[in-house]
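Participant:
Residue numbers (full-length UniProt numbering): 1 to 384.
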């Protein structure tokens, strides 16, 4: 830092900086990010300094990330690992491993007395909270946990509150193309059959539209459109995809389905592309996943539609059981009836697995690949 400060007083360098300032804009492309690949090939996204800097500042403010002390960021990415300390003011610890285990994270949290950890994706979040040695570590300093990347199961929220009673868990809603636009504390997560992701961050606009592109009233379901300072510049080298993702007046089509209530709080139900069509009814995967995740034996669950000539699609639930547990389809069907799933939401198939396939970036479950695996196990093929 001393060298940086010394160079900051060098007049020749300052003159060069002023020349560059006249040539550059904070809205120029500053960084390239890649999407998770959950809808196909990961897309290369161009992001600006203006978008990144302000988004980090506003999400930190919304969840009360510490301005002093230490926070653990599990992944060495420039956006957070390098920019966040300069923006927020706190020290950031990054593990030596690019994919740290839950044990490595626990050791760092204890040794560095971290006040916060983020950003955790659902898989890492689950692994950390269910680590059998979690109770052996002193995590009394930890009071903030930020998770993102998926609809958050209520069962995981409840379990996190049990094993980390002094920490508040926040769920951030965002994407590579628009970064974070909403956040809420875990107390409001996964109420009912959706997942509440909270109120909008400052200087962010959101509207929900129907399949014809018309804005729907508050309380009605629609696709989430976002317009904000944090939007990406473009998909690198693909103007066609960029134009398809944006409206003429600057709204980004997220592909997520949700509802904005009277308090302008967003509740998500999943992806437009994940919608299950059963007997002419639309069924959201989360409408089934959220209740099923409450089963005491269930560690993780994913629901999707598989081909069915009579119903267009039949609902298939793929389940990972907790270690040492056993269950069968009859038990799950009975549980679904007991928790109030209506007949149209009742899965026709239950498959039990040891793990789910992940996308290339290892952030999310690859639903497309999981669906193909399930179809193979069930002996099903796409209708011609």
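Positions of the beta carbon are idealized from the N, C-alpha and C atoms, including for glycine.
For a test of the three-state rule: what should DSSP assign to residue 44, helix, strand or coil?
Facilitator: strand
Participant: From the DSSP output, in three-state form, read off residue 162 for me.
Facilitator: helix
Participant: Write down every uninterrupted run of the alpha helix (DSSP H) in the segment 91-119 whose length is 4 residues or greater and which is fully enclosed by it, in chain order.
Facilitator: 102-111
Participant: Specify, as a first and last residue, the run of the alpha helix (DSSP H) that residue 286 falls within.
Facilitator: According to the DSSP assignment, residue 286 belongs to the alpha helix (DSSP H) that extends over 285-292.
Participant: Please state the DSSP three-state secondary structure of residue 267.
Facilitator: strand
Participant: Does the pairing of the segment 134-149 with the segment 18-30 give three or more beta-carbon distances under 8 Å?
Facilitator: no
Participant: Starting from residue 308, trace the beta strand (DSSP E) both ways and give me its first and last residue.
Facilitator: 298-308
Participant: Assuming residue 304 contacts residue 236 (C-beta within less than 8 Å), just tell me the rounded distance between them.
Facilitator: About 31 Å separates the two Cβ atoms, so there is no contact after all.
Participant: What is the DSSP secondary structure of residue 345, reduced to helix, strand or coil?
Facilitator: helix
Participant: For residue 72, tell me which candidate among 111, 180, 297 has the shortest Cα-Cα distance.
Facilitator: In terms of CA proximity to residue 72, 111 leads the group 111, 180, 297.
Participant: Quick one: grab the DSSP three-state call for residue 231.
Facilitator: coil
Participant: Do you know whose CA, among 221, 36, 177, lies nearest residue 210's CA?
Facilitator: 221
Participant: Where residue 343 and residue 197 are concerned, what is the direct C-alpha to C-alpha distance, given to the nearest angstrom?
Facilitator: 28 Å
Participant: Need the endpoints of the alpha helix (DSSP H) that residue 22 sits in, please.
Facilitator: 11-23
Participant: Counting along the chain, where does the alpha helix (DSSP H) carrying residue 50 start and finish?
Facilitator: 49-63
Participant: Mapping the DSSP letters down to three states, classify residue 193 as helix, strand or coil.
Facilitator: Residue placement at residue 193 is poorly supported in this model, since its pLDDT is 46, which falls under 50; the coordinates are not used for a value here.
Participant: Rounded to a whole number of angstroms, what is the C-alpha to C-alpha distance between residue 302 and residue 317?
Facilitator: 6 Å
Participant: For residue 176, does the three-state DSSP call read helix, strand or coil?
Facilitator: Looking at residue 176 - three-state DSSP - the assignment turns out to be coil, as it is neither helix nor strand.
Participant: For residue 274, is the classification buried or exposed, using 16 other Cβ atoms within 10 angstroms of its Cβ as the cut-off for buried?
Facilitator: Residue 274 should be labelled buried.
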